[in-house]
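Notes follow the structure.
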Amino acid sequence: MKQFNWKLASMLLAGIGISKLGDFIYLIAINLIVYDMTGSAAAVAGLWIIGPITSVITNSWSGGMIDRKNKKSIMIWTDMARALGVALIPFLGSIGFIYAALFLINIAKALFMPASATYIAKLVPIQSRKRFNSINSLVASGAFIVGPAIAGGLFLIGTIDTAVFLNAASFVFSAVIIWLLPDMDKDLGEASIKTSAYETIQDDWKQVIAFGRREVFILSVYGCFLAFGLFSLAMDSQEVVFIQDVVGLTEADYSFLVSITGIAFALGALFITIASKMLSIKQLMGYGMLLTAAGYLIYAVADSFMMVVIGFTVLGIFNAFLSAGYQTFYQNNVPVEIMGRMTSVIGVIQSIAQIFLLIGIGVLGDLYPFRYTIVILASLNLLLSLYVCLQLLKPGKQQYFSETTSA
8 MKQFNWKLAS MLLAGIGISK LGDFIYLIAI NLIVYDMTGS AAAVAGLWII
58 GPITSVITNS WSGGMIDRKN KKSIMIWTDM ARALGVALIP FLGSIGFIYA
108 ALFLINIAKA LFMPASATYI AKLVPIQSRK RFNSINSLVA SGAFIVGPAI
158 AGGLFLIGTI DTAVFLNAAS FVFSAVIIWL LPDMDKDLGE ASIKTSAYET
208 IQDDWKQVIA FGRREVFILS VYGCFLAFGL FSLAMDSQEV VFIQDVVGLT
258 EADYSFLVSI TGIAFALGAL FITIASKMLS IKQLMGYGML LTAAGYLIYA
308 VADSFMMVVI GFTVLGIFNA FLSAGYQTFY QNNVPVEIMG RMTSVIGVIQ
358 SIAQIFLLIG IGVLGDLYPF RYTIVILASL NLLLSLYVCL QLLKPGKQQY
408 FSETTSA
């Protein structure tokens, strides 16, 4: 068996990591720019709706295009498009133009994510994916911790515009690194599509639905993971309100708790990276989901700073297990030929559910005591994790967790 070239993996991780770092810096900067321009909390909230809306619009048609086109080229051009879009923001004097720029930036991001997921599955052999995904989780947590710190430092020594321009440069740098990587689609011929665009999109969705019907076990387990992520996102979106109004902590406490979560995630990812050969995909998925759910439940019933610290530490560490396990499970069981379509269709469903769930939790928070809402969501996550653990223990499903063969 040919030894996997970890130098190439390191380059890919660097490219994706720098791109993620840029996302965090730009996220903070754009929130400040919009708030300075408008002084409106509603205008800032609008920034968070653009992403899901863009995802629904883009992912509904982009999956088939990604599967048929060169993934490396898509990653390079979408990084360059984001660099251009971000660099233009300081010159836009209207909130409408800024929203339009963000819409285009999010389209590029919506194309980059499934393209990179498929490229990873093609570049990294199955026996190396678990370790690669644990390192990728470590890179993501590093971007989460370092990104806001870099943004804050740039605001101190320069202006918000300086941070924005350096952010644009980070996307260019990411594109250059990806350009140095091998082309995994050299044998990808130009598909001659004689049908209309609508028929092509319709056929793409039919293929994804057919795969889901054929592979019910994969769909049920991965669907639980997606629902788990949505409930977690709903809880995360209300962290500030819950911690300050329900638990009675301060803004400084909240900032410290967010840092603890990021560090815990990084430690969990580091542990998996070191011990990846001793941990099976089943263990990463099962322990990861169950203990992350336990962490959220501790947080949901917390009435003190220390209880929230314990909850955030547990969910931070085991969220890294969850992320690495499910990424590997997905890469190993979804054929690379339809992975772009699968990722995009999942993105559409996720985004629609995300919009309604975020609106719903806001309404419920106004109608009922807020702790009830968080406890219900945490309990639903615990039930999902128990169901998944039962699915993982079913006999005759070992082929879905093999680390020597893939779909």
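Take 8 as the starting number for the sequence shown in the working numbering and just add one per residue.
In this text, a Cβ means the ideal position worked out from N, Cα and C, and glycines have one as well.
Asked	Found
Per DSSP, what kind of secondary structure is Asp426 in: helix, strand or coil?	No information on residue 426 is available, as it lies outside the stretch 8 to 414 that the chain covers here.
Who are the Cβ neighbours of Ile112 in its own chain at under 7 Å, not counting the five residues just before and after it?	Arg89, Gly92 and Val93
Tell me the rounded alpha-carbon separation between Asn140 and Ile225.	19 Å
For Val51, which residues in the same chain have their Cβ closer than 7 Å to its Cβ, ignoring the five residues on either side in sequence?	Asn38, Val41 and Tyr42
If you draw a straight line from the C-alpha of Val131 to the C-alpha of Leu399, how long is it?	25 Å
Under 8 Å, with one C-beta from each stretch per pair, do the stretch 309-323 and the stretch 175-186 reach the 3-pair mark?	no
Check whether the Cβ atoms of Phe235 and Met292 lie closer than 8 Å to each other.	no
Can you give me the Cβ contacts of Ala385 inside the same chain, cut-off strictly under 6 Å, excluding the 5 residues immediately before and after it?	Tyr303, Leu304 and Ala307
Tell me whether Asn77 sits in a helix, a strand or coil according to DSSP, three-state version.	coil
Which one of Gln357, Ala122, Ser144 and Gln406 has the shortest CA to CA distance from Ile63?	The residue you asked about is not Ile; residue 63 is Val in the sequence shown. For Val63, the nearest C-alpha among the options comes from Gln357.
Please list, in chain order, all residues of the same chain as Glu206 whose beta carbon is under 8 Å from its beta carbon, the five residues on each side excluded.	none
Roughly how far, in whole angstroms, is the beta-carbon of Ile250 from the beta-carbon of Asp260, given that I think they are within contact range, below 8 Å?	7 Å
Please report the residue range of the alpha helix (DSSP H) in which Lys129 lies.	Ile102 to Leu130
DSSP state of Glu206, grouped into three classes?	helix
For a quick check, are the C-beta atoms of Ala108 and Ser69 less than 8 Å apart?	no
Report yes if the C-beta distance between Ile359 and Gln245 is below 8 Å; otherwise report no.	no
Does Glu344 come out as helix, strand or coil in the three-state DSSP assignment?	coil
When you compare the stretch 213-227 with the stretch 318-330, are there three or more beta-carbon pairs, one atom per stretch, that lie closer than 8 Å?	no
To the nearest angstrom, how far is the alpha carbon of Tyr106 from that of Leu54?	7 Å
Assuming Val247 and Arg378 make a contact with CB atoms under 8 Å, what is their CB distance in whole Å?	Incorrect: roughly 15 Å between the Cβ atoms, too far for contact.
For the alpha helix (DSSP H) that contains Thr166, what are its first and last residues?	Segment: none, Thr166 is in no alpha helix (DSSP H) and carries neither H nor E.
Are the beta-carbon atoms of Ala271 and Thr350 separated by less than 8 Å?	no
Using only the alpha-carbon positions, how far apart do Ile164 and Trp13 sit?	37 Å
Is the beta carbon of Gly29 sitting closer than 8 Å to the one on Phe178?	yes
Should Asp86 be labelled buried (16 or more other beta-carbon atoms within 10 Å of its own) or exposed?	buried
Does the Cβ-Cβ distance between Pro189 and Leu397 come in under 8 Å?	no
Helix, strand or coil for Asp86 per DSSP?	helix
Please classify Ala36: is it buried, with 16 or more other beta-carbons within 10 angstroms of its beta-carbon, or exposed?	buried
Rounded to a whole number of angstroms, what is the C-alpha to C-alpha distance between Ile96 and Ile83?	21 Å
Check whether the Cβ atoms of Arg348 and Asp168 sit closer than 8 Å, and answer yes or no.	no
Where does the unbroken alpha helix (DSSP H) through Ile7 begin, and where does it stop?	With the chain running from 8 to 414 in the structure shown, residue 7 is simply not present.
In whole angstroms, what is the alpha-carbon distance linking Met285 and Phe104?	51 Å
Does DSSP put Gln251 in a helix, a strand or coil?	helix
Between the Cα of Ser392 and the Cα atoms of Val343, Lys404, Gln290 and Met346, which residue gives the shortest distance?	Gln290
Taking DSSP as the reference, what is the three-state secondary structure of Asn174?	helix
Cutting at 6 Å between CB atoms, please list the residues of its own chain near Thr33, excluding the five before and the five after it.	Looking at the sequence provided, one finds Tyr at residue 33 rather than Thr. Val93 and Asn174, listed in sequence order.
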